[in-house]
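Undergrad: The numbering used here puts the sequence shown at residues 5 to 254.
Glycine is no exception: its CB is placed at the ideal position from the N, C-alpha and C atoms.
Quick one: structure below, then a few questions.
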Amino acid sequence: MSGPPFSPIAAGIVSHPSVDPAASPRVLVVEDEAKTRESIAEALRLEGWTVGEAGHGREMLALLEAQTFDLVILDWMLPGRDGLELLQHVRNRGAQTPVLMLTARGGVDDRVVGLESGADDYVVKPFAIAELVARCRALLRRPTLHTGDLLRCGDLQLDTRARIAVRAGEEILLSPREVDVLEYLLRYQGQIVTREMLERDVWKQVQRFTSLDNVIDVQIMRLRRKIDGEGATKLIHTLRGVGYRLGDEI
Ligand code: CA
């Protein structure tokens with residue numbers, strides 16, 4: 005028999021993880037000027053979106069650590085670390101969340117700097133709130149997941165078709181479930197993956213008759229032992245009471 009190796013994903017047995025389009029988007033607004041921040045937040049809430057607010061970088065990083073957002077609206081001019089530094093920090097950690105920069109600077113150079121630092125779009129102040137909402141919508145439609153058959157994070161690589169994981173050039177033998185979990189973590193790398201997400205999308209448990217928390221914890225522990233072996237940089241992190249995150253150490 006020839007042809008591509010059997011893939012439960014291609015066969016439709018395991019579906020690609022996907023964000024529920026019906027779920028309300030979660031947007032984080034980072035702006036120190038309270039009036040501006042509040043009016044943006046209010047407009048987004050009117051769209052039915054869930055909005056988090058941060059007045060400075062520390063608050064933003066704490067919120068990103070504790071929750072998962074689908075979009076960050078980040079003001080360039082902030083006290084302490086400015087928007088650009090924060091954006092670079094977040095991108096260096098591997099977070100793929102789309103970021104829309106707000107800037108009073110309209111110079112072409114600044115825009116280029118912003119986009120090259122990993123911003124996905126920018127809006128120049130002053131702006132019409134309707135335009136900002138429209139730009140947010142466009143970014144939210146964009147897939148933020150890592151797509152494709154070959155997923156990578158650092159020296160870890162997973163071929164989702166052949167279902168082969170390799171770290172630092174060495175193949176890692178994984179069970180089918182471990183491959184599913186690893187694929188999910190890689191697609192959401194840099195973001196928080198909760199047990200509920202794994203339960204719903206990997207274990208396909210829709211109703212929680214019995215909690216799978218222990219099963220999931222054990223599975224992650226086994227996977228971690230294989231992926232993050234002795235001497236290797238830790239890639240799978242546990243966020244106590246929240247879930248897991250695959251990526252560099254924060
Ligand atoms: Ca500001």
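(1) The beta strand (DSSP E) with residue 137 in it runs from where to where?
(2) In angstroms with no decimal places, state the Cα-to-Cα distance between residue 122 and residue 95.
(3) Beta strand (DSSP E) containing residue 319: first to last residue?
(4) Quick check: is any heavy atom of ligand 1 less than 8 Å from the C-beta of residue 2?
(5) Using a strict less-than 6 Å threshold between each residue's beta carbon and the heavy atoms of ligand 1, what residues do you get?
(6) For residue 251 and residue 30, which I take to be in contact (beta-carbon distance under 8 Å), what is that distance rounded to the nearest angstrom?
(7) Measuring only the C-alpha atoms, how far is residue 172 from residue 156?
(8) Assuming residue 64 and residue 32 make a contact with CB atoms under 8 Å, what is their CB distance in whole Å?
(9) Could you give the DSSP three-state label for residue 99: helix, strand or coil?
(10) With H, G and I counted as helix, E and B as strand and the rest as coil, what does DSSP make of residue 92?
(11) Would the segment 218-226 count as touching the segment 152-168 if we require 3 or more Cβ pairs under 8 Å?
(12) Could you check what DSSP says for residue 159 in three-state terms: helix, strand or coil?
(13) Measuring straight from C-alpha to C-alpha, what distance separates residue 134 and residue 52?
(14) Exposed or buried, what is residue 66 when buried is set at 16 or more other beta-carbons lying within 10 Å of its beta-carbon?
TA: A quick look at the data gives this:
(1) As a first step, residue 137 must be located in the sequence shown, where it is residue number 133. No beta strand (DSSP E) holds residue 137; the alpha helix (DSSP H) holding it covers 133-145.
(2) Within the sequence shown, residue 122 is the residue found at index 118, counting from 1. Within the sequence shown, residue 95 is the residue found at index 91, counting from 1. Near 7 Å, if we compare the C-alpha coordinates of residue 95 and residue 122.
(3) Residue 319 is absent from the structure shown; the chain starts at 5 and stops at 254.
(4) Given a span of 5 to 254 for the chain in the structure shown, any question on residue 2 remains unanswerable.
(5) Chain-ordered list of matching residues: 35, 36, 37, 79, 81 and 82.
(6) Numbered from its first residue, the sequence shown carries residue 251 at position 247. Numbered from its first residue, the sequence shown carries residue 30 at position 26. The Cβ separation is near 19 Å, so there is no contact.
(7) Taking the first residue of the sequence shown as position 1, residue 172 is located at position 168. Taking the first residue of the sequence shown as position 1, residue 156 is located at position 152. Taking the straight line joining both Cα atoms gives about 11 Å.
(8) Here residue 64 refers to the residue found at position 60 of the sequence shown. Here residue 32 refers to the residue found at position 28 of the sequence shown. Between residue 64 and residue 32 a beta carbon distance of about 7 Å is seen, short of the 8 Å cut, so the two are scored as contacting.
(9) Along the sequence shown, read from residue 1 onward, the residue named residue 99 stands at position 95. The answer is coil: DSSP assigns residue 99 none of H, G, I, E or B.
(10) Locating residue 92 in the sequence shown gives position 88, where the first residue counts as 1. For residue 92, the secondary structure class from DSSP, reduced to helix, strand or coil, is helix.
(11) With a cut-off of 8 Å, the segment 152-168 and the segment 218-226 do not count as touching, because too few Cβ pairs lie within range.
(12) Position 155 of the sequence shown holds residue 159. In the displayed model, residue 159 falls within coil according to three-state DSSP, outside both helix and strand.
(13) Residue mapping note: residue 134 aligns to position 130 of the sequence shown, counting from 1. Residue mapping note: residue 52 aligns to position 48 of the sequence shown, counting from 1. Rounded to whole angstroms, the gap between the alpha carbons of residue 134 and residue 52 is 14 Å.
(14) Translated into positions along the sequence shown, residue 66 becomes position 62. Classification of residue 66: exposed, given that the 10 Å Cβ count is below 16.
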